[in-house]
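Undergrad: I'd like to ask some things about the structure below.
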Amino acid sequence: MSLPELIAHRGYAARFPENTLVGIQAAVSAGARFVEVDVQLSADGVPVLFHDADLLRICGVPGAVHEWDFAALMRLRAAEAGRFVDRFADNPLTSLAQLAELLARHPGVTAFVEAKTEAVGLFGEQSVLEAISRTLAPVAAQCVLISFSLPLLQGAVAYQGSAGWHDLGGVVDRWEDRNEFAGLGLGWLFCDVNGLPGEGPLAFETARLAVYEVDDARQALDLVARGVAAIETFALPELRKGIVRLAGLAEE
């Protein structure tokens, strides 16, 4: 039986604030070989790990990442009070540079780094590419740059050699949207599980397929049988245990 690679989606986000150092480290400590994070730029162009279009859900303050300079963002707290109340009241936002430092300490871990379309639209693909590649340069061989943005990936294809990224990947909400990335030679394609066809094999050029967000072991194994290589999950240790149990394997 083929088993999927598991990707810690925004870190160990089921138990820790998403896209933060504490959650990513927890995922790695739990055995994650792959992590996925989202990147936006501060007002002064510094890459920060953040998913949402605004700061409210994570930090409890109005505004957006691009409206705050980096120093001010680092004074905010990524507490996710709606889920965790005050458990992570002192937990700071995480910069992309801090992720690079973590990866340097864990050379066996690969990071999928998603350049958010909000940043591309505001700063332009070249500025976003340069900011991310400059920050990740010391660990570029451990990083796969991914995005929904076709212009960014088109620019990244030409930029890839000098940037030293391990690979590039496209992200889509719906399976039928994959063809916009045709011909780019991407190593990965990510798709929302809710955007997949209900049955049949899944393949896109020579790309490896990753599906998000999945927390059910049976569903994960069914997706592997259809051609999926990797599963993104907020609860990597729990999903891994479920897969091992269904597959009848001894847990490592």
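So for the sequence shown, the UniProt record's numbering puts the first residue at 1; every next one is plus one.
No residue lacks a Cβ here, since even glycine has one placed at the ideal position from N, Cα and C.
Just so we're clear, the structure is a prediction, and the values are computed from it rather than from any experiment.
1) Helix, strand or coil for Ser29, going by three-state DSSP, please let me know.
2) I'd like the span of the beta strand (DSSP E) that includes Val35, first residue to last.
3) Confirm, please, whether the CB-CB distance from Val37 to Ile7 is below 8 Å.
4) For the beta strand (DSSP E) that Val144 lies in, which residues bound it at each end?
5) Provide the residue span of the alpha helix (DSSP H) that contains Val171, from first to last.
6) Which residues share a DSSP beta bridge with Trp188?
7) Determine the DSSP secondary structure at Arg77, reduced to helix, strand or coil.
8) Does the region 134 to 145 touch the region 171 to 186, meaning 3 or more C-beta pairs lie closer than 8 Å?
9) Assess, as a yes-or-no matter, whether the region 112 to 121 is touched by the region 38 to 54 under the definition of 3 or more beta carbon pairs within less than 8 Å.
10) Using only the alpha-carbon positions, how far apart do Cys59 and Ala30 sit?
11) Which residue marks the beginning of the beta strand (DSSP E) containing Thr233, and which one marks its end?
12) Compare the C-beta of Arg174 with all C-beta atoms of chain D and state if any pair is closer than 8 Å.
13) Given this structure, state the Cα-to-Cα distance separating Ile231 from Arg218, to the nearest angstrom.
14) Can you confirm whether the region 65 to 78 touches the region 131 to 138 when touching is taken to mean that 3 or more C-beta pairs between the two stretches lie within less than 8 Å?
15) Report yes if the C-beta of Pro201 is less than 7 Å from at least one heavy atom of the ligand COA; otherwise report no.
16) For Val109, count neighbouring C-beta atoms within 10 Å of its own C-beta (all shown protein chains included) and say buried if the count is 16 or more, exposed if not.
17) According to DSSP, simplified to helix, strand and coil, what is Glu118?
18) How long is the line joining the alpha carbons of Asp86 and Phe234, rounded to whole angstroms?
TA: Taking the structure as given:
1) For Ser29, the secondary structure class from DSSP, reduced to helix, strand or coil, is helix.
2) First-last of the beta strand (DSSP E) with Val35: 34 to 41.
3) The answer is no: Cβ separation not under 8 Å.
4) Run containing Val144: 143 to 147, per the beta strand (DSSP E) assignment.
5) No alpha helix (DSSP H) contains Val171, which is instead part of the beta strand (DSSP E) from 167 to 172.
6) Per DSSP, Gly169, Arg208.
7) The answer is strand: DSSP assigns Arg77 an E or B state.
8) Between the region 171 to 186 and the region 134 to 145 there are fewer than three C-beta pairs closer than 8 Å, too few to call the two in contact.
9) A contact exists between the region 38 to 54 and the region 112 to 121.
10) Going by the C-alpha atoms only, they are around 26 Å apart.
11) Unbroken beta strand (DSSP E) run through Thr233: 230 to 233.
12) No chain D appears in this structure, which consists of one protein chain only.
13) Answer to the nearest angstrom: the Cα atoms are 12 Å apart.
14) Flag = no, the region 131 to 138 and the region 65 to 78 do not touch.
15) You won't find the ligand COA in this model; it holds no ligand whatsoever.
16) Looking at its Cβ environment, which holds 16 or more other Cβ atoms inside 10 Å, Val109 is buried.
17) For Glu118, the three-state secondary structure derived from DSSP is helix.
18) Near 20 Å, if we compare the C-alpha coordinates of Phe234 and Asp86.
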